[in-house]
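All remarks here apply to the structure that follows.
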Amino acid sequence: MQSQKKFTKKTEDFICEVCDTKIKGTGYTDHCPNCLFGKHVDVFPGDRKRGCGGLMEPIGATKRKGKWQILYHCQKCGYQRFNKVSPEDNKKEIIKLSQTPLLLK
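Under my numbering, think of the first position of the sequence shown as 195, with each following residue one higher.
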């Protein structure tokens, strides 16, 4: 039984659908560093195999295993997941998110 993480490094530039920020992809970029919204496009990071395509709304932030993570909620299908905070991410938005109680499904 294999339990390794599957990751596909995919460098893609994009324009945020929420705030119109132009983002230069690094291969690990999966959300806008300004407003923190992303898109529900991956089954495993970078594979672009999820057919949903809904906006992933940042709904909370917390420390997990000693590192800050953002909780995302897909506005289209309801899927929720945590994602690591990037050094480029908007610190003010993360602070706001961390003050909101997490509502896990």
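Just so you know, even glycine gets a beta-carbon here, dropped at the ideal spot from N, CA and C. Only a predicted model underlies this, so the values are computations on that prediction, with no experimental measurement involved.
In its chain, beyond the 5 residues on either side, 232 have a beta carbon closer than 6 Å to the beta carbon of residue 224. Within the stretch 201 to 259, the beta strand (DSSP E) runs of at least 3 residues that lie entirely inside it are, in chain order, 249 to 258. Where residue 285 is concerned, the enclosing alpha helix (DSSP H) starts and stops at 285 to 292.
Residue 265 carries a strand assignment under DSSP once its states are collapsed to helix, strand and coil.
Of all C-beta pairs linking the stretch 279 to 292 to the stretch 244 to 251, fewer than three are shorter than 8 Å, placing the two stretches out of contact. Per the coordinates, the alpha-carbon of residue 244 lies some 5 Å from the alpha-carbon of residue 236. Annotation for residue 271: 234, 246 and 248 place their beta carbon closer than 8 Å to its own, counting only its chain and skipping 5 residues before and after.
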